[in-house]
Structure formats: C-alpha cells, structure tokens
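Going left to right, the sequence shown walks through residues -20 to -1, 1 to 281 as mature numbering (1 follows the signal peptide of the UniProt record, and there is no 0) numbers them.
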Amino acid sequence: MTPRPSLGIAMIICSASLFAVNGTMAKLLQQTGVDAAQVATLRAGGTALALGGAALAVRPRSMRITRREAPMLACYGLAGFFLVPLLYLIAISRMSVGIALLLEYMAPVFVALWARFAQGREVRPRLWVGLALAVGGLACVARVWGRPDLDLVGTAASIAAAVLLAAWFVLGAHGTARRDPLSLTAWAFIVAAIAGAVVRPWWDFPVAHFRESRTLLLTLYVVFLGTTVPYFILTAALRHLPATSVSILSMLEVVIASAVAWVALDEALPPVQLAGGVLILAGVVLAETARRDTPVTTAVT
C-alpha cells in the first residue's frame, strides 16, 4: 500500500476530535456511578466485539496469529488499549481533562529519549531544549512555586499513562508494518477486554445504571465514537505517516479536549497553566522532531 500523507493527516484530525470529546463523555459517565475500571472494561469489551466481528466478517484469515506475534499483541493491547485508558480515566476523575491530557502527552518526549538512549539513535540538539521546555511547562501547570495544584494520584496516573502511550506508539509502528490495522486493533482490544474482565468482572457492574437513557447514551459514545472509531483511524494513520508525525498531530486532542471540557464541564484553566500547556506542547514538538527516523515500512494488504 502506497502511503498517502494528506490522508493520514485528515485521519489524525478526525481521530483527535473524537478522542477529545470522549474525555468529557467518560468523565460524565463516571459521575453517574460507573467507576474508571468499569468504563475501561466497557470500552475494551464493546470495541473488541465490534472490531473482532468486523474483521471476521470482512477478512477472516486476517485474524490468524502466530506464536511469534502473540507477545507483541499482548503488550500492545495491555499497554495502549487497557492501561492507558484506565490510567487516563483515573486521572480525569481527580483533575481536569485538559491537565490530565497535557501530562499524558509527554509521551513523545519519552519516545525520543527511548530512541536516543535505548536504541542509540542519533538525535538533534533540540531534544534537550524540548525536554527543558516540557519540564518548565509542567512546573507552570503544577504551580510548584506555591502549593502545588495537581492531585498526587491523578498526576501519577497521567505520567504512567504517558510512559505506556510512548510504548504504544513504538509498538504500533512495528505492528502496522506486519498486520492490517483492523486485525491489529481487534486483537489488541480482545487482549484489553480479557484484562478488563479480570480487573473488573462483568457481574460486578451496576446494571441498573445502564437502564437510564443518559448513562446508556454516554456508554454508547464512549465505546463506539469515543473508542472503536478513533482507535482504528489512528492505527490506520500509522500506515501513511511515521510515528513521529502521528504523535505530534495527535496533540490536537489536548487543545480540542480542553475546549470541550471548558464548555461542558466549566473546567477553565488559569493563565499560568495555559502558558505551561503551551510550553509542554512546544517541548514535545521539539523532542519529537529531534529524532532522525527512517521512513516507516508499510504492509501490503
């Protein structure tokens, strides 16, 4: 398949917009009495059924896996499709959607550091400028010169999500070079659904909550428009753009999500935190573009 960068950009913008609205929807869903682990399990289970069913209907052979692929699929599913959403949901239950996303989107900095120190790749000097800006922005967001505003648990969850999101970007670029996006995403969500069922068994769910139309509509958005569709689009975009570009463009989610949360949840950020957010985003862009990546090889389907 020949990469089409313009299509990849359009796909990422669409995916980021759906993800951005999903943060507010997920927070509203938690306010109805469904906890973070249950929301993560619902997302994974519903999406696994939708994408797995679609893959079996369209291309049954694509769902075959080898023993060699199994560890990668397990790590990919657990890291990006269960633990990252779970940690993000924990974070937004204790702090604003915008701040949680800003911290989570430190992930590209970790990807750049991984490339430099773990893989020994050459990087441009601006990596260190980007890292300094990101740390300075984080200090502004936390307002560390006084009494820090950030919730300890929420902050820890967001930073852990950032580390795992970085792993997701790396594994995603590796996986899309060998599998088609639909089967890759379907298997990842199947792994996540199994993990979710262990952490939060289905029989423990507050079934009565889902009889209310508001809770049901929020659940449907979170599972399908907030998870199934954007994850598939984002994974498919990795076939048209390198992981560097995907991770940078995905930061549009932070801006859109903050605007949605401001309107829907009245989560306006004070000027100093807005300035910190700008510094973090600038630092992430510098760090991401500091790597000297080779083009991503795409699979032929």
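All C-beta atoms in this analysis are idealised placements derived from N, C-alpha and C, irrespective of residue type, glycine included. What you are looking at is a predicted structure, and each value in this text was computed from that prediction instead of being measured.
Our two residues, residue 155 and residue 114, have alpha carbons roughly 29 angstroms apart in a direct line.
Taking a cut-off of 8 angstroms on C-beta distances, the stretch 188 to 203 touches the stretch 19 to 29, as three or more cross pairs fall below it. From the listed residues 240, 178, 162, 181, the smallest Cα separation to residue 214 is found for 162. Between residue -17 and residue 26, the alpha-carbon positions lie close to 30 angstroms from each other.
Taking a cut-off of 8 angstroms for Cβ pairs, the stretch 105 to 123 and the stretch 253 to 263 touch, as three or more such pairs fall below it.
Fewer than three Cβ pairs drawn from the stretch 227 to 242 and the stretch 101 to 112 lie within less than 8 angstroms of each other, which leaves the two stretches out of contact. Each of 269, 218, 132, 212 was checked against the Cα of residue 75, and the nearest Cα belongs to 132. The residues 28, 32, 57, in chain order, have a CB closer than 8 angstroms to that of residue 170 in the same chain once the five nearest residues on each side in sequence are set aside. Collapsing the DSSP output to three states places residue 139 in a helix. Taking C-beta separations shorter than 7 angstroms and ignoring five residues to either side along the sequence, the partners of residue 196 in its chain run 190, following chain order.
Contact between residue 226 and residue 217 holds, with the beta-carbon distance rounding to 6 angstroms and staying under 8 angstroms. In the same chain as residue 180, and ignoring 5 residues on each side of it, the C-beta atoms closer than 6 angstroms to its own belong to 17, 18, 21, in chain order. Under the DSSP assignment, residue 175 falls in the alpha helix (DSSP H) whose first and last residues are 161 to 179. Contact annotation, residue 93 with residue 135: C-beta distance approximately 19 angstroms; criterion of less than 8 angstroms not satisfied. For the stretch 2 to 90, not one full-length beta strand (DSSP E) segment reaches 3 residues or more.
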